[in-house]
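In our numbering, the protein residues as written are 8 to 137.
One structure is given below, encoded as structure tokens.
Now the structure itself:
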């Protein structure tokens, strides 16, 4: 399923927050992303409709298997691209911002080539998952 950049950003944010705490609330997502409660509510409604996220009886947000798969893909791209840009001499702040934009548009083929290039040239490829 093709997903818009904003949907991917919400999934990634929910994923990152869920790594910090098992209890992710919509207010947490809004605070992290800098979005209003109505914006977060609308986005979560779309994610739920598309079976990417669910909320439990306590109002905590959890990603479905499909949602987590997309979130992990985006998060890995973010971490690897940020490191690549830092390795090229870009400041950490700019590298993080640029990686956030690039991660949504880069093809699987190009991303795989970047990881292979980093490995081939002795650059550690970050592994964001434990």
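Built from N, CA and C at the ideal position, the CB exists for glycine as well.
Computed from a predicted structure; not experimentally measured.
What number of angstroms, rounded off, separates the C-alpha of residue i from the C-alpha of residue j?
i           : j           : result
residue 58  : residue 129 : 40 Å
residue 139 : residue 20  : With the chain covering 8 to 137 only, the question about residue 139 has no answer from this structure.
residue 126 : residue 86  : 15 Å
residue 44  : residue 94  : 37 Å
residue 60  : residue 77  : 11 Å
residue 68  : residue 17  : 11 Å
residue 70  : residue 96  : 35 Å
residue 133 : residue 42  : 29 Å
residue 51  : residue 131 : 35 Å
residue 116 : residue 34  : 36 Å
residue 24  : residue 30  : 8 Å
residue 79  : residue 28  : 16 Å
residue 114 : residue 101 : 21 Å
Classify residue i as helix, strand or coil using the three-state DSSP reduction.
i           : result
residue 95  : coil
residue 71  : coil
residue 132 : coil
Enumerate in chain order the residues of its own chain whose CB-to-CB distance from residue i is below 7 Å, with the five nearest sequence positions on each side excluded.
i          : result
residue 88 : 106, 109 and 110
residue 66 : 32
residue 91 : 121 and 125
residue 73 : 58 and 59
residue 12 : 111
Out of the options, point me to the one whose CA is closest to residue i's CA.
i           : options           : result
residue 56  : 14, 135 and 96    : 14
residue 54  : 75, 34, 35 and 65 : 75
residue 64  : 122, 32 and 46    : 32
residue 118 : 81, 26 and 47     : 81
residue 37  : 29, 28, 30 and 48 : 48
So, at 6 Å on beta carbons, what are the nonlocal neighbours of residue i in its own chain, with the 5 sequence-adjacent residues on each side left out?
i           : result
residue 103 : 89
residue 83  : 135
Leaving out the 5 sequence neighbours to the left and right, which residues in its chain are closer than 8 Å to residue i when beta-carbon positions are compared?
i          : result
residue 98 : none
> In chain order, which continuous runs of the alpha helix (DSSP H) of length 4 or greater are located wholly inside the stretch 33 to 77?
Replying inline: 33 to 40 and 44 to 56
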